[in-house]
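*Asks:* Pasting a structure below so you can have a look.
Residue numbers (the numbering used here): 31 to 499.
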C-alpha cells in the first residue's frame with residue numbers, strides 16, 4: 031500500500047489534485063508550494079526508510095524536481111513585499127505566509143538529502159526576509175494598527191495585503207525552530223516567541239482568525255452562522271506546529287481533547303472523531319458541521335496520536351489499511367467513505383503516507399499482557415447511514431482479554447441472565463453500540479470506560495451483552 035502511495039506522489043506532485051475519472055492531473059488548480067512541500071516531507075522520510083531502499087534513486091530525483099520547482103516560484107524581486115515568498119498557485123498573484131512556513135522545513139530536508147546549497151539559500155530568504163516582513167511590515171506600513179506578533183495572511187506581487195492573521199500559522203513554529211537550530215540566530219526564536227504570544231489566545235479559544243484594525247474590528251473570529259465553526263485542518267496544522275515546538279503541554283492537550291471529543295449527533299450519527307475530524311467543526315454546539323471527513327487531518331495528527339493517543343492512531347491506521355483507495359481523496363463521507371468530490375489529493379496522500387510510514391503498534395505493559403493472554407475477537411462497527419438505517423461494517427480483528435461477569439458487578443436488565451454478559455479489556459478503539467464476535471458468538475458493546483496513566487491511555491473496558499441468536 032505504501033508503494034502505491036509513493037507512486038501517487040512521484041507521479042502527481044507538485045499538482046494539487048489528480049482526477050481519476052479523467053486519468054489526468056487537475057490543470058484548473060494546477061501546481062503549488064503546498065503539495066510540493068508536503069510531498070518532499072514524505073519523500074525525505076521514504077528516502078531514509080529501509081522498505082524503500084530499492085527506490086532511493088527515483089525518490090532522490092523527485093525531491094530534486096520538487097525543490098527546484100519551489101525555487102522557481104519564489105519571488106526574487108527585492109523591490110517587492112513578496113520578496114522571498116512562494117506563489118500560491120500557477121495562476122495566483124498571492125504569496126501566503128503559510129506557504130513559506132510549509133516550504134522552509136521541506137527545503138531543509140531537500141538540502142539534507144542532496145547538499146544543494148541553493149535550497150538552503152532559499153530557506154534563509156523565505157524565513158529571514160519574507161516571514162520576518164510578514165510579521166513586522168504590516169504595523170510599519172499601517173496595515174495593522176499595531177505590532178501583534180502574528181503574520182499577515184498574504185501579500186500580492188503588486189504589494190496588496192490580506193491583513194488577517196490565522197491560527198493555522200502556528201504551523202510556522204516548525205520552520206522558525208528549524209531556522210534557529212540551523213543558524214543559531216536569536217532573530218528566529220524572537221519571531222517564534224512573538225507569534226506564540228499572539229496566537230495562543232485564539233488557539234485556546236478555538237478561534238480561526240484575528241481581523242486587525244484599521245481594516246477589521248481588532249477581534250478573534252470563527253466562521254459560519256453565529257461564528258460557531260472552524261476548519262479542522264487549520265487546527266490540525268496549528269496543533270502539529272505547537273506540539274513540535276513545546277510538546278504535550280496543557281495548551282496542546284486541552285485543544286486536542288476538546289476537538290477530539292466533538293461527537294456524533296442526530297444530523298451526523300456516523301461521525302467518528304477517533305479516526306479523523308470533520309472538515310467543519312461546530313465547536314460551540316459540539317458537533318460536526320458537515321457530512322465528511324477532511325482526510326488529511328488523520329495524517330497531520332499522527333505525531334500527537336502516536337505519543338499520547340495511540341489507540342486513535344491504531345484506529346486511524348486500521349481504517350486506512352482497509353480502504354486505501356478511499357483515502358486518496360481529500361474528503362470522504364462519514365457513513366460509507368465515498369468521496370465528496372472526484373479529486374485525489376497530493377497533500378492528503380503525502381500526509382496519510384507519513385501516518386503509515388511512522389506508525390508503530392501501541393505498546394505498554396497491558397499491551398504485552400494482551401499479546402500473551404489475549405484472544406482474537408472481531409469488531410463490527412456501528413454506522414448510521416444518511417437514510418437513518420443502522421448497519422455494522424468495517425470488521426476488524428483485535429486482541430482482548432475476555433472475562434466472565436460476577437453478579438455483584440452487574441445490574442442485569444429485565445429479561446436477561448448473567449451468562450449473557452462478558453467483560454472485555456482491550457486497547458483498540460471501540461464504541462458503545464458496536465458489535466463484537468467472541469468465539470463465534472455476537473455481542474453488543476455497552477458503555478466503554480477508558481483508563482489512563484499520566485495522560486496516556488492504558489486500556490479500555492466494556493461489558494458486552496450476547497445478542498439473541
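Quick reminder that beta carbons are idealized off the backbone N, C-alpha and C, glycines included.
(1) Identify, in the order they occur along the chain, each residue of the same chain with its Cβ nearer than 6 angstroms to the Cβ of residue 271, setting aside the five sequence neighbours on each side.
(2) Taking 9 angstroms as the cut-off, decide whether the C-beta atoms of residue 150 and residue 141 are in contact.
(3) In this structure, how does DSSP classify residue 454 when only helix, strand and coil are distinguished?
(4) If you count every other CB in all the chains shown that lies within 10 Å of the CB of residue 433, and 16 or more means buried, which is it?
(5) Three Cβ pairs or more, each shorter than 8 angstroms: is that satisfied between the region 296–308 and the region 341–350?
(6) For residue 179, I'd like the list of residues in its chain whose CB is within less than 6 angstroms of its CB, leaving aside the five on either flank, ordered along the chain.
(7) Would you mind stating whether residue 146 and residue 90 have Cβ atoms separated by less than 9 angstroms?
(8) Once DSSP output is grouped into helix, strand and coil, what is the label at residue 209?
(9) Can you give me the start and stop residues for the alpha helix (DSSP H) that residue 487 sits inside?
(10) Where do the ends of the alpha helix (DSSP H) carrying residue 222 lie?
(11) Round the Cβ separation of residue 475 and residue 408 to the nearest angstrom and send it over; I've been treating them as touching at under 8 angstroms.
(12) Between which two residues does the beta strand (DSSP E) harbouring residue 250 extend?
(13) Can you give me the start and stop residues for the beta strand (DSSP E) that residue 482 sits inside?
(14) With respect to the beta strand (DSSP E) encompassing residue 241, which residues constitute its N-terminal and C-terminal limits?
(15) According to DSSP, is residue 131 part of a helix, a strand, or is it coil?
(16) Would you say residue 431 and residue 405 are within 9 angstroms of each other, going by their C-beta atoms?
(17) With a CB to CB cut of under 7 angstroms and the five nearest residues on each side skipped, what residues in its chain are close to residue 148?
(18) Could you tell me the distance, in whole angstroms, from the CA atom of residue 256 to the CA atom of residue 391?
(19) Tell me the DSSP secondary structure of residue 324 in three-state form.
(20) Shortest alpha-carbon distance to residue 76 belongs to which of 374, 34 and 355?
(21) From the DSSP output, in three-state form, read off residue 116 for me.
(22) Helix, strand or coil, according to DSSP, for residue 45 in the structure here?
(23) In or out: residue 481 buried (at least 16 other Cβ within 10 Å) or exposed?
(24) Can you find the residues in the same chain that come closer than 6 angstroms, C-beta to C-beta, to residue 48, ignoring five residues on each side of it along the sequence?
(25) Quick one: grab the DSSP three-state call for residue 186.
(26) Buried or exposed: which applies to residue 486, given that a residue is buried once 16 or more other Cβ atoms fall within 10 Å of its Cβ?
(27) Quick check on DSSP: helix, strand or coil for residue 433?
(28) Alpha carbon to alpha carbon, how far is residue 83 from residue 152?
(29) Measure the alpha-carbon distance for residue 72 versus residue 382 and round it to whole angstroms.
(30) Taking the beta strand (DSSP E) that residue 312 falls in, what are its first and last residues?
(31) Could you say which of 336, 359, 253 and 187 lies nearest to residue 325 if we only look at CA atoms?
(32) Which partner residues does residue 104 have in the DSSP bridge list?
(33) Identify every residue that forms a DSSP beta bridge with residue 362.
(34) To the nearest angstrom, report how far apart residue 251 and residue 245 are at their CA atoms.
(35) Would you tell me roughly how many angstroms separate the C-alpha atoms of residue 512 and residue 266, rounded to the nearest one?
*Replies:* In terms of the structure at hand:
(1) For the purposes of this step, residue 271 is taken as the residue at position 241 of the chain shown. Excluding sequence neighbours, residue 271 sits near 200, 201, 203 and 204.
(2) By one-based count along the chain shown, residue 150 stands at place 120. By one-based count along the chain shown, residue 141 stands at place 111. A contact, by the Cβ cut-off of 9 angstroms.
(3) Looking up residue 454 in the chain shown gives position 424. Looking at residue 454 - three-state DSSP - the assignment turns out to be strand.
(4) As a position in the chain shown, residue 433 is number 403, starting the count at 1. The residue in question, residue 433, is exposed, as its Cβ has fewer than 16 Cβ neighbours within 10 Å.
(5) A contact exists between the region 296–308 and the region 341–350.
(6) By one-based count along the chain shown, residue 179 stands at place 149. Excluding sequence neighbours, residue 179 sits near 224, 225, 227 and 228.
(7) On the chain shown, position 116 is the one that residue 146 refers to. On the chain shown, position 60 is the one that residue 90 refers to. Cβ atoms of residue 146 and residue 90: not closer than 9 angstroms.
(8) Translated into positions along the chain shown, residue 209 becomes position 179. In this structure, residue 209 counts as helix in the three-state DSSP scheme.
(9) Stepping through the chain shown from its first residue, residue 487 is reached at position 457. From DSSP, residue 487 is part of no alpha helix (DSSP H) but of the beta strand (DSSP E) over 486–496.
(10) Position 192 of the chain shown, counted from the start, is the residue given in the question as residue 222. Start and end: 216–234.
(11) Counted from its first residue, the chain shown places residue 475 at position 445. Counted from its first residue, the chain shown places residue 408 at position 378. Between the beta-carbon of residue 475 and that of residue 408 there is about 12 angstroms, and that puts the pair past the 8 angstroms contact cut.
(12) Here the question's residue 250 lines up with position 220 in the chain shown. Counting along the chain, the beta strand (DSSP E) containing residue 250 begins and ends at 249–251.
(13) In the chain shown, residue 482 corresponds to position 452, counting from 1. Counting along the chain, the beta strand (DSSP E) containing residue 482 begins and ends at 471–483.
(14) Here the question's residue 241 lines up with position 211 in the chain shown. In the DSSP assignment, residue 241 falls within the unbroken beta strand (DSSP E) covering 239–241.
(15) Looking up residue 131 in the chain shown gives position 101. Note: residue 131 maps to helix in three-state DSSP.
(16) As a first step, residue 431 is located in the chain shown; it is residue number 401 there, counting from the start. As a first step, residue 405 is located in the chain shown; it is residue number 375 there, counting from the start. Against a cut-off of 9 angstroms, the Cβ pair of residue 405 and residue 431 comes out as a contact.
(17) The residue you call residue 148 lines up with position 118 of the chain shown. Only 101 meet the Cβ criterion.
(18) As a working note, residue 256 is residue 226 in the chain shown. As a working note, residue 391 is residue 361 in the chain shown. If you take the alpha carbons of residue 256 and residue 391, they lie about 42 angstroms apart.
(19) Position 294 of the chain shown, counted from the first residue, corresponds to residue 324. DSSP places residue 324 in strand when its eight states are reduced to three.
(20) Working through the chain shown from its first residue, we reach residue 76 at position 46. Minimum Cα-Cα distance from residue 76 among the listed residues 374, 34 and 355 corresponds to 34.
(21) Mapped onto the chain shown, residue 116 falls at position 86. DSSP places residue 116 in strand when its eight states are reduced to three.
(22) The residue given as residue 45 occupies position 15 in the chain shown. Residue 45: strand per DSSP, three-state reduction.
(23) To locate residue 481, count along the chain shown from 1; it is residue 451. Residue 481 comes out exposed.
(24) Here residue 48 corresponds to residue number 18 of the chain shown, with the count starting at 1. Answer for residue 48: 42, 55 and 374, listed in chain order.
(25) Within the chain shown, numbered from 1, the residue matching residue 186 stands at position 156. Strand.
(26) For the purposes of this step, residue 486 is taken as residue 456 along the chain shown, with counting starting at 1. Classification for residue 486: exposed.
(27) For the purposes of this step, residue 433 is taken as residue 403 along the chain shown, with counting starting at 1. Strand at residue 433.
(28) Counted from its first residue, the chain shown places residue 83 at position 53. Counted from its first residue, the chain shown places residue 152 at position 122. Those two C-alpha atoms are separated by around 29 angstroms.
(29) Along the chain shown, read from residue 1 onward, the residue named residue 72 stands at position 42. Along the chain shown, read from residue 1 onward, the residue named residue 382 stands at position 352. Going from the Cα of residue 72 to the Cα of residue 382 covers about 9 angstroms.
(30) If you number the chain shown from 1, residue 312 lands on position 282. Segment 310–312, the beta strand (DSSP E) holding residue 312.
(31) Position 295 of the chain shown holds residue 325. The shortest Cα separation from residue 325 among 336, 359, 253 and 187 belongs to 359.
(32) Taking the first residue of the chain shown as 1, we reach residue 104 at position 74. Answer is 116.
(33) Here residue 362 refers to the residue found at position 332 of the chain shown. Per DSSP, 323 and 369.
(34) Your numbering for residue 251 matches position 221 in the chain shown. Your numbering for residue 245 matches position 215 in the chain shown. Using only the alpha carbons, I get a separation of about 14 angstroms.
(35) The question about residue 512 has no answer here: the residues shown for the chain are numbered 31 through 499.
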